[in-house]
Every structure is written in C-alpha cells, then in structure tokens.
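Report on the following structure.
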C-alpha cells in the first residue's frame, strides 16, 4: 500500500496554501439566496485538475482505479468529494471517497457540472463514501453534513455505500475514534492484496 498525501498549492487570494478561497459556512440557511457567500468555482476547478493529475500519476504507475481512495480534511474533504462527483475522468471509477470535517462545495451546481463533463445524471458505479464531522466543529456546521450526504444520495451514491459518522465532542480536528473507523472502512474498501 502506498499513500499520496498532497497539500493544497499556494493560493494567492488567501496568501497561504488553500484548495480555494474559503467560504463562510453559516449554521443557518440564508433568508434569501443572494445572501449566500459566493464560492470560488475557479479555484475549486483548478484544484480538481491538480488532484486529477495526481490520480493520473498513480494510474500510470499501474495502480488500479478501484484501489485509489481520494480523501481529505476540511477543504480537502470538499475537494475529494467534488472531484469524485464531477471529474469527467474519474467520477464513479475510484475505489472510494473520504471527507473528514468538511462540506461539498458548489452543491447546487453539481448536476450541471456533471452534465457539462459528459457524465450521466447519477454516479453509475459502486463507489464507497465515508464522511464525518465532530459535534463541536465550529467551522463546519452540522447542516453541511446533512446537505452533503443528501447530495451524494441525489447524485446516485447508494445508501449502503455511504458511511456517515458524527463524533461526540470532537471539534474541527481528526480524532482517534474517527481515524479508527476510517481505517476499518479502508480495510473493507481496499482490502490487502493476496
């Protein structure tokens, strides 16, 4: 087994490493759509292309697509799920997607982005998905976990292939129980080669 754990590239909008310019995530839906923060679609798309190039490298080294799990924490969560749902090259073809303490960006645009990428309306594969958050996460409110899981199901991820966990007392961090659950999930999704 090998791991590729990339950091986000330098983002000149935030003067730091970031997959895209961050969005304010409100615990309550805005009273009017125009009050919703605008998302950095250009940055998200650019980061997706970078992630696709990393997957391309793994595939060119002989790693089967079904043995690749794309995952991340916070913005990495967002990018893993976004790439897994909208990449014309890898949507529905990877072994799994992991999102820890994040959300799904451009959630309302996913169907149109899938259509623009020439993808079917629904993910037409048995992709496994593992998403989590902590009950004390002050950066990503609980409603985003619900929105994310509902959107994944709407995109065709099968209920039996979607693992959603919430960890009591955990903030915007990776916790021990979460990592144990993730390891158990990974052993099932990408079992050791015989």
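Residue numbers (this note's numbering): 4 to 197.
Note that the Cβ used here is the ideal one computed from N, Cα and C, for glycine as well.
Fair warning: this is a prediction, and the values are worked out from it, not measured in the lab.
- Remark: C-beta atoms of residue 61 and residue 7 approach each other more closely than 8 Å.
- Counting C-beta atoms within 10 angstroms of its own C-beta, residue 89 has 16 or more neighbours from the protein chains shown and is therefore classed as buried.
- The beta carbons of residue 11 and residue 21 sit about 5 Å from each other, so the pair counts as a contact at 8 Å.
- Taken atom to atom, the span from the alpha-carbon of residue 17 to that of residue 47 is near 14 Å.
- With three or more CB-CB distances shorter than 8 Å, the region 135-150 counts as touching the region 170-183.
- If you draw a straight line from the Cα of residue 63 to the Cα of residue 19, it is about 31 Å long.
- In this structure, residue 152 lies away from residue 130, with their beta-carbon atoms at least 8 Å apart.
- Residue range 145-157 is occupied by the alpha helix (DSSP H) that includes residue 147.
- For a cut-off of 8 Å, the C-beta gap from residue 105 to residue 97 is around 17 Å, too long to register as a contact.
- In the structure shown, residue 190 adopts helical secondary structure according to DSSP, grouped into three states.
- For residue 103, the enclosing beta strand (DSSP E) has its first and last residue at 99-103.
- Residues 174, 175 of the same chain have their beta carbon placed closer than 8 Å to that of residue 141, with the five preceding and five following residues left out of the count.
- Close CB contacts of residue 91 within its chain, under the 8 Å cut and outside five residues either way in sequence, are with 120, 121, 122 (chain order).
- The beta-bridge partner set that DSSP reports for residue 14 consists of 19.
- Note that the C-beta distance between residue 178 and residue 132 is not below 8 Å.
- Here DSSP, grouped into helix, strand and coil, assigns residue 131 to strand.
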